[in-house]
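Sequential numbering of the sequence shown, starting at 11, is according to the numbering used here. Beta carbons are placed, not taken as given, at the ideal position from N, Cα and C, and that holds for glycine. Values in this document were obtained by computation on a predicted structure and should not be read as measured data. The structure under discussion appears below in the form of structure tokens.
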Amino acid sequence: MTPPPAPRVAALANHFRSVDSAPAGFAVARSAGVAGGFLATFTALSLLTLTALTLMFDYSIWNNHRDIVFATGDPKIAFLPLRAFILVFFATFSLYAYSNWLRRAVIFAATAGKFLVACVVIDVVSRYLGIAIHVEVPLLVQQSLSLIVAMIAFPHTILKQAQLPKPFTSPVVRQKRGPFVHLGGVLAASLVAAVVIERVFSHQVMGLRSWALLGGIGPGVFLAQQLFTFAFGGVGMLRVRRSRGHRFAPDVAILIPAHNEAHSIADTVRALEVAAETYPGRIRAYIVDNCSADTTSEVARSALAGCELISGEVLYCGTPGKAVALNYGLSLITEEFVVRIDADTVIGPGCLKVAMRHFVDPTVGSVGGMPLPRELRTVIDKVRLVEVLLRHGYFQVAMGAYDGILGVPGMFAVYRRAAIDEVGGTTEGMNGEDTDICVRIAAAGYRTVADPKAIYYSETPATFAHLREQRTRWFRSIYHIAAHARPILLNPRSLNGAVVLPFMLVSAARRAMLGPLLIFSLLCLTVFHGAYPYLTWQPVAAVVVGMPMLVAVLACCLQYRFDAIRWIPHYLVFRIVRSYYTLGSALTLVFPPLTPAAAVALVRLDPQGDVRI
């Protein structure tokens, strides 16, 4: 097909907006004011709730724990009314969910119902332990368990109620027991070590907590989490280094989907030519122009014509959608290995050589690298640098120690062609197609490797509008991926399904709640400090600073990017902005409207609304 005439370069706003910004049927484009309205409504409801609770306590209508909790032992005042916060959060989300009022009522009944039932169980068991065997369960433990339940109930309800991709039909192979054993063993050792450290060095631990370097729900939890990550971080680095030591350079196909990329596609092609200077295998590029409104095709052809070491061709896909363009390109590729590169990405000179070495292991199905920002001019660029060093330079390497990498970014990802064919290509019409294909490849019995030495440079959003669009897609994708991966979700045959994917869903809920939790905590710390006098600034500050700062410093040092340490304060602030975008992404999900008749049938089947209509 021949593309229609186009301007030289598309408008800046069109560089990043496409049909993938809000896949039809599974998402809707909503203004930035929706998330802002959510926070304003949440603040108002929090003020009303905290006022009502305070009056109830002052007039002895409720107990003096200052939260909706039946605690054991001596009467105590809660540091923070966590259960009240969770109910206000669920109520506000239900009000702003994209649906009609009946479906919103069902969403609230589902989330709050599961949560309250779990709270009753927690309190009954706690009271029984106190009466039967005289073991007092601290009030904070009861509240913390409730918070964990809430972070599970939130994504569970979304997966049940929202309109999401159908389950995949790819084969699922039982995973070896080794990764499960390694994961469980290190987790148990981390918990034991955390308890020992807290007891032996209790004075030092409390000192760190007083400086907000530890806090939140207790130092033991944070220590166990970080010890767990530190242990696997070391193992992961050794494993990647050993795998990287092989020599393997087969012929590869470079697949580049491009939509309005006339401003950057030439740089992408030139970087491939430079990489070819040190790569022994043959490189052929397939550039797929996907309905561009500018001269992407012409610029790409001109760039390919100037190359001497690589060959290639420009194709045109007339159906919009990155996944559609990828599948179109795959249908014409014959090479055994496919390198997917975004058209705004520039690979480093040794990126391809390093990444391909891992495929000497026949169990490796996909490989990713380190997506550094191309420039360090704006605050967004600098924050992105710290974020990349932390996630791709440290956390993903640690997850690779137990084969727990869920996916690698499509900006640069290498696939074994046999694995792609086995799982049926790229899924169309959803967000997160790059992670989704890695999930399905893993379900088929292959491994994913993330090597921070495979460095490439990707375009960073130039505006906050672009940043919001990008992060909305990224954060919404976890629900699309989880829904599509239902055959492995909580399936003991798959480590990704049984452990990693549920953890990612809980983490998404935690990020969405972070901003509202800070607002709620600040209200208790200021306006209602008389009712919650035991709440201090340290636990609140630790949510933002604390361990996130310490691990970020470690990640920068391990990658020898000491210059990035000065941007960590900006990154810590960005985590709050990221929470705002995570919340906004959940509000773009589509919840099918519910008719009165359907509501009656739903309640008859399941009073808590756990059945999708």
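Query	Result
Residue interval of the alpha helix (DSSP H) (run including Phe422)	Premise fails: Phe422 lies in the beta strand (DSSP E), 422-426, not in any alpha helix (DSSP H).
Cα-Cα separation between Thr470 and Ala519, rounded to whole angstroms	25 Å
C-beta contact flag for Gly525 and Ile586 at 8 Å	yes
Own chain, CB closer than 7 Å to Phe258, minus 5 neighbours either side, in chain order	Met366, Arg367, Phe369, Val370
Bridge-paired residues (DSSP) for Ser56	Its beta-bridge partners do not exist; DSSP assigns none.
Boundaries of the alpha helix (DSSP H) in which Leu524 is found, first to last residue	511-535
Secondary structure of Val555, DSSP reduced to three states	coil
Stretch-stretch touch, CB-based, cutoff 8 Å, three pairs: the segment 263-275 with the segment 433-445	no
Cβ-Cβ distance between Arg350 and Leu265 below 8 Å	yes
Burial state of Ser397 (16 or more Cβ within 10 Å)	Per the sequence shown, residue 397 should be read as Glu rather than Ser. Buried is the call here.
Bounding residues of the alpha helix (DSSP H) (the contiguous stretch that carries Gly410)	406-410
Through-space distance from Ala541 to Asn4, alpha-carbon basis	The first residue shown for the chain is 11 and the last is 623, placing residue 4 beyond what the model contains.
Per-residue DSSP class, three states only, for Met380	strand
Alpha carbon of Ala408 to alpha carbon of Ala493, nearest angstrom	26 Å
Touching by the beta-carbon criterion (3+ pairs, under 8 Å), the segment 111-125 and the segment 161-176	yes
Which listed residue (Gly255, Asp446, Leu193) has its alpha carbon closest to that of Phe238	Leu193
Counterpart residues of Gly322 in DSSP-defined beta bridges	Ala295
Three-pair Cβ contact test at 8 Å for the segment 487-507 versus the segment 182-189	yes
Residues that Thr546 bridges to, as DSSP identifies them	Looking at the DSSP assignment, Thr546 forms no beta bridge with any residue, so it has no partner.
Strand pairing of Ser468, partner residues [DSSP]	Thr355, Pro383
Residues sharing a beta bridge with Leu599, DSSP	Ala37
CB-CB length for Ala313 against Arg280, believed under 8 Å	7 Å
Whether Ser376 touches Thr458 by CB criterion (8 Å)	yes
Unbroken alpha helix (DSSP H) run spanning Leu90, endpoints	Leu90 -> no alpha helix (DSSP H), and no H or E assigned at all.
Which of helix, strand or coil DSSP assigns to Asn300	strand
Cβ neighbour criterion (16 or more within 10 Å) applied to Ile498	buried
Uninterrupted beta strand (DSSP E) stretches inside the segment 444-499 (no shorter than 3 residues)	457-468
Per DSSP, the bridge partner or partners of Pro189	Bridge partners of Pro189: none, in fact.
Sequence-distant residues of its chain with Cβ nearer than 8 Å to Ala285 (five each side left out)	Ile293, Ile357, Gly358, Pro359, Gly360, Cys361, Leu362, Lys363
Helix, strand or coil at Phe347 [DSSP, three-state]	strand
Inter-residue spacing [alpha-carbon to alpha-carbon] between Gly594 and Arg252	41 Å
Of the listed residues Phe125, Tyr425, His144, nearest to Ala460 (C-alpha basis)	Tyr425
Buried versus exposed, by CB contacts within 10 Å (16 or more), Thr605	exposed
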